[in-house]
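Visitor:
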Amino acid sequence: MAEGLMKKLYGQRAYVQSAGVHNDMEIDGFSVSVCKELGIELDRHRSRSFEEMQEWGDDLGQFDLIIALSPASQRQALELTRFFHMDVEYWPILDPTGLGETREAKLSAYRQARDMIRERMIARFGAPTEPGAQA
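By the working numbering, the letter at position 13 of the sequence shown is numbered 322, and the numbering carries on one by one without gaps.
1. Less than 9 Å between the beta carbons of R353 and S327, yes or no?
2. Would you please state the rounded distance, in angstroms, between the beta carbons of L416 and V343? I believe it to be under 8 Å.
3. CB I349 to CB L314, shorter than 9 Å?
4. Using beta-carbon positions only, say whether M395 and D373 come within less than 9 Å of one another.
5. How would you label F392, buried or exposed, when you count the other beta carbons within 10 angstroms and need 16 or more for buried?
6. Under three-state DSSP, which class holds G313?
7. Of all the options T438, R420 and T411, which has the alpha carbon lying nearest to the alpha carbon of E405?
8. Hey, quick one: how far does the alpha helix (DSSP H) through E299 stretch, first residue to last?
9. Mind checking L387: buried by the 16 CB within 10 Å criterion, or exposed?
10. Considering just the uninterrupted stretch of the beta strand (DSSP E) at A436, what are its terminal residues?
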């Protein structure tokens with residue numbers, strides 16, 4: 310969700326690459342649904358790990374900032390970047406997986422996580438710069 314939101318709000322203003330601790334997960338259908346509500350398409354997005362990024366040639370030293378959305382990703386980011394000059398920020402965002410008993414309750418949890426990420430982005434990077442992206 311975070312990569313899609315960043316691109317929707319700020320377009321090409323910054324190079325964005327999402328990564329996590331694991332790469333063996335399909336994108337959650339609830340994430341796809343709540344992002345589609347804002348015009349963000351995640352259907353073809355796939356989770357990548359930090360190791361996979363490095364294998365594909367992404368040099369972590371070229372990034373200025375890593376934003377971790379979980380304690381596990383923060384630990385891994387700090388470990389992988391200890392020899393690079395870059396900032397690692399941790400944003401404590403609600404993990405919606407496993408929350409809610411009904412479909413609507415699950416969607417509500419995912420919307421809450423999406424909105425938390427969006428609010429943190431706007432607080433950190435300022436008002437959206439892309440046409441149609443609302444503050």
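Just so it is clear, CB atoms sit at the ideal spot from N, CA and C, and this is done for glycine as well. Fair warning: this is a prediction, and the values are worked out from it, not measured in the lab.
Guide: By the coordinates alone:
1. no
2. 6 Å
3. yes
4. yes
5. exposed
6. helix
7. Residue 405 is actually Pro in this sequence, not Glu. Minimum Cα distance to P405 is reached at R420.
8. With the chain running from 310 to 444 in the structure shown, residue 299 is simply not present.
9. exposed
10. That residue, A436, is in no beta strand (DSSP E); it is neither H nor E in DSSP.
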